[in-house]
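Remarks on the structure that follows.
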Amino acid sequence: MKENFEGQILDWFDHFHDNPEVSWKEFKTTETIAGILDELGVTYKRFDDVTGLFAEIGEGEEVIAVRADIDALWQEVDGVWQGNHSCGHDANISMVLGALMYLKDKPLHKKIRFIFQPAEEKGNGSIAMIERGALDNVSHLFGVHLRPAEELPLGKVTPSIHHGAGVFLEGKIIGTDAHGARPHQGKNAIDVVAAIHQFIKSLYFSPFESYSAKLTKIVAGGGSVNIIPGTAEFAIDVRAQKNDVLNQLQSKIDEGLGGIGALYGIEIKWNWYDFVPGAEVSIDAEAIAREAIRSVAGDEVLAPSVITSGADDFHFYTIRKPELKATMVGVGADLKPGLHHPKMTFDRSALDLGARILAETLQRA
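293 is the number of the first residue of the sequence shown in our numbering; add one for each residue after it.
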């Protein structure tokens with residue numbers, strides 16, 4: 293009779309779902325995971341300066357790793373601002389702990405590292421884990437994430453999610469206020485914002501590439517409508533499926549903002565932040581996950597790769613260690629209305645399947 297830990301996985305999910313903690317403040321979440329590992333007799337390492345932890349089972353020089361992100365979003369739900377697991381990280385924790393349960397009593401001729409990572413939603417939790425040794429001696433790394441229903445239906449699992457790359461810009465236009473009747477005496481920041489908008493809409497790359505750049509914030513003017521505002525704040529969201537295309541977009545935007553400032557005789561200051569790289573999927577790791585899906589659930593469950601414009605800081609692991617063989621497994625769970633929606637729901641029956649496939653993947657790697 294096969295082991296079944298579905299009830300335990302669902303209990304864990306319920307706990308994490310009901311106790312969400314935002315990025316870098318996952319104190320109780322880390323404590324709970326540590327308590328579970330203590331009960332299981334699994335060794336782990338915690339850190340004095342950041343949340344999250346590593347756990348390990350098995351023996352040997354070779355290390356295979358799996359990552360679960362543990363933070364929640366801060367968002368408004370029914371008029372109340374609160375922590376909310378609307379990205380499914382509560383599910384990811386539960387599936388990875390489930391995989392550990394399915395593996396912990398099996399004979400393993402390698403070490404398997406379970407990385408419970410903070411602050412994925414901030415885009416830099418993976419870097420903190422890398423700096424604390426998450427990738428030491430690791431040859432293969434796997435991740436897992438539920439997918440929206442329009443990407444992957446319930447009962448389907450993909451061996452790879454191809455996330456896009458993303459980066460954000462915040463800028464400030466510093467001009468001169470003027471009376472509405474004397475526009476020649478000022479430097480109108482709104483004219484500059486309009487020029488920036490038109491400029492980013494004229495950025496073109498090969499039609500075979502997927503990319504976008506768009507203004508996502510404009511703040512200008514005050515309480516008086518007869519004052520031409522000289523100052524404005526703005527933000528730009530920039531995305532591309534490939535890292536090199538994103539780099540080219542950034543360079544063109546830098547060049548264009550400099551040119552617009554010179555054209556209008558106005559100062560524009562800006563900075564880039566929260567870069568998240570696109571996926572660099574290993575063919576080898578993807579093949580291992582593909583065969584694990586077939587072995588656990590059959591060909592009818594196996595789905596093609598998912599290509600999505602969403603981003604995930606999982607891919608910093610491969611940026612920092614290019615020789616790493618990595619892929620993220622995607623689990624269909626009838627997830628609706630979508631990731632990050634405050635009322636996101638999914639079919640919890642998918643969690644045990646995800647845990648079993650992860651366990652098989654880690655054992656095969």
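C-beta atoms are modelled at their ideal positions from N, C-alpha and C, and glycine is treated no differently.
>> Let me confirm a value: Glu-547 is counted as buried when at least 16 other C-beta atoms fall within 10 Å, else exposed. Which label applies?
In response: Burial call: exposed.
> What three-state label does DSSP hand Asp-576 in the structure shown?
Replying inline: Residue state, collapsed to three classes: helix.
> Taking DSSP as the reference, what is the three-state secondary structure of Trp-304?
Replying inline: Helix at Trp-304.
> How about Gly-646 and Met-393: are their beta carbons less than 7 Å apart?
Replying inline: Their beta carbons are not under 7 Å apart, which means Gly-646 does not touch Met-393 by this criterion.
> What first and last residue would you give for the beta strand (DSSP E) that runs through Gln-655?
Replying inline: Taken as a continuous stretch (DSSP letters only), Gln-655 belongs to no beta strand (DSSP E), being part of the alpha helix (DSSP H) at 642-656.
> What are the boundary residues of the beta strand (DSSP E) that Ile-465 is part of?
Replying inline: Note, Ile-465: beta strand (DSSP E), 457-466.
> So, helix, strand or coil for Thr-343, using DSSP?
Replying inline: Assigned with DSSP and collapsed to three states, Thr-343 falls in coil, not helix or strand.
> Buried or exposed: Pro-596, going by 16 or more other Cβ atoms within 10 Å of its Cβ?
Replying inline: Pro-596 comes out exposed.
> Does the distance from the CB of Lys-509 to the CB of Phe-526 come in under 7 Å?
Replying inline: Taking 7 Å as the Cβ cut-off, Lys-509 and Phe-526 qualify as a contacting pair.
> Asp-644 CB to nearest chain C CB: under 7 Å?
Replying inline: Among the chains of the structure shown, chain C does not appear; only one protein chain is present.
> Nearest-angstrom Cα distance between Ile-528 and Asn-535?
Replying inline: Straight through space, the alpha carbons of Asn-535 and Ile-528 are spaced by roughly 17 Å.
>> Alpha carbons only, please: which of Glu-583, Gly-602 and Lys-294 is nearest the one belonging to Val-593?
In response: Considering only alpha carbons, the answer is Glu-583.
>> Here's the rule: buried if 16 or more other CB atoms are within 10 angstroms of the residue's CB, otherwise exposed. What is Val-372?
In response: Sixteen is the threshold: since fewer than 16 other Cβ atoms of the shown chains lie within 10 Å of the Cβ of Val-372, the residue is exposed.
> Are the beta-carbon atoms belonging to Ala-618 and Thr-610 less than 7 Å from one another?
Replying inline: A Cβ-Cβ contact shorter than 7 Å links Ala-618 with Thr-610.
> By DSSP, does Met-293 sit in helix, in strand, or in coil?
Replying inline: With a pLDDT of only 48 at Met-293, under the threshold of 50, the placement of this residue in the model should not be trusted; the figure read from the coordinates follows. Coil at Met-293, not helix or strand.
> Who are the Cβ neighbours of Arg-586 in its own chain at under 7 Å, not counting the five residues just before and after it?
Replying inline: The beta carbon of Arg-586 lies closer than 7 Å to those of Leu-594 in the same chain, with the five residues before and after it left out.
> Of the choices Ile-328, Val-355, Gly-350 and Thr-322, whose alpha-carbon is the least far from that of Phe-339?
Replying inline: Here the closest residue by C-alpha is Thr-322.
> With distances taken between CB atoms, is the gap from Ala-357 to Asn-376 smaller than 7 Å?
Replying inline: With contacts defined by Cβ atoms closer than 7 Å, Ala-357 and Asn-376 do not form a contacting pair.
> Is Arg-582 helix, strand or coil by DSSP?
Replying inline: Of the three classes helix, strand and coil, the one that applies to Arg-582 here is helix, per DSSP.
> What residues in its chain sit with their C-beta under 6 Å from that of Ala-457, if we drop five residues either side in the sequence?
Replying inline: Contacts found: Ala-532, Asn-535, Leu-538, Pro-569 and Gly-570.
>> Quick check on this structure: which residue in Glu-313, Cys-379, Thr-523 and Thr-600 has the alpha carbon closest to the alpha carbon of Asn-480?
In response: It is Thr-523.
> Exposed or buried, Leu-666, counting other C-beta atoms within 10 Å across all chains shown (16 or more means buried)?
Replying inline: As displayed, the chain neither begins before 293 nor continues past 657, which places residue 666 out of reach and without an answer.
>> Let's see if you can read the secondary structure: which residues bound the alpha helix (DSSP H) around Glu-412?
In response: Note, Glu-412: premise wrong, no alpha helix (DSSP H); not H, not E.
> What is the DSSP secondary structure of Asn-311, counted as helix, strand or coil?
Replying inline: Under the three-state reduction of DSSP output, Asn-311 falls in the coil class, being neither helix nor strand.
> Should Glu-559 be labelled buried (16 or more other beta-carbon atoms within 10 Å of its own) or exposed?
Replying inline: So Glu-559 ends up on the exposed side.
> Which residues in the same chain have their Cβ closer than 7 Å to the Cβ of Gly-472, if we skip the five residues on either side of it in sequence?
Replying inline: If you ignore the 5 residues before and after Gly-472, its C-beta comes within less than 7 Å of the C-beta of Asn-518, Ile-519 and Ile-520, all in its own chain and listed in chain order.
>> Between Ala-589 and Thr-653, how many whole angstroms is the CB-CB distance? I'm expecting something under 8 Å.
In response: For Ala-589 against Thr-653, the beta-carbon gap comes to about 12 Å, at or over 8 Å, which does not count as contact.
>> Using DSSP's beta-bridge definition, name the partner residues of Lys-320.
In response: DSSP lists no partner for Lys-320.
> Distance, Cα to Cα, Ile-362 vs Gly-447?
Replying inline: One C-alpha to the other measures close to 24 Å.
>> Gly-557 and Pro-440 - do their beta-carbons sit closer together than 7 Å?
In response: No; because the gap between Cβ atoms is not below 7 Å, this pair is not in contact.
> In the stretch 506-573, which residue ranges form an unbroken alpha helix (DSSP H) of at least 4 residues, counting only runs that do not cross its ends?
Replying inline: If we require 4 residues or more, the alpha helix (DSSP H) runs fully inside the stretch 506-573 come out as 535-556.
> Using the rule of at least 16 other Cβ atoms within 10 Å of the residue's Cβ for burial, across every protein chain shown, is Gln-477 buried or exposed?
Replying inline: Flag for Gln-477 reads exposed.
>> So the candidates are Gln-655, Arg-648 and Ser-418; which of them puts its Cα closest to the Cα of Asn-296?
In response: For Asn-296, the closest alpha carbon among the candidates Gln-655, Arg-648 and Ser-418 is that of Arg-648.
> Is DSSP giving His-381 helix, strand or coil here?
Replying inline: For His-381, the secondary structure class from DSSP, reduced to helix, strand or coil, is helix.
>> Whole angstroms are fine: how far does the CA of Lys-414 sit from the CA of Ala-427?
In response: According to the sequence provided, residue 427 is Leu. The question's Ala does not apply to it. For Leu-427 and Lys-414, the distance between alpha carbons rounds to 20 Å.
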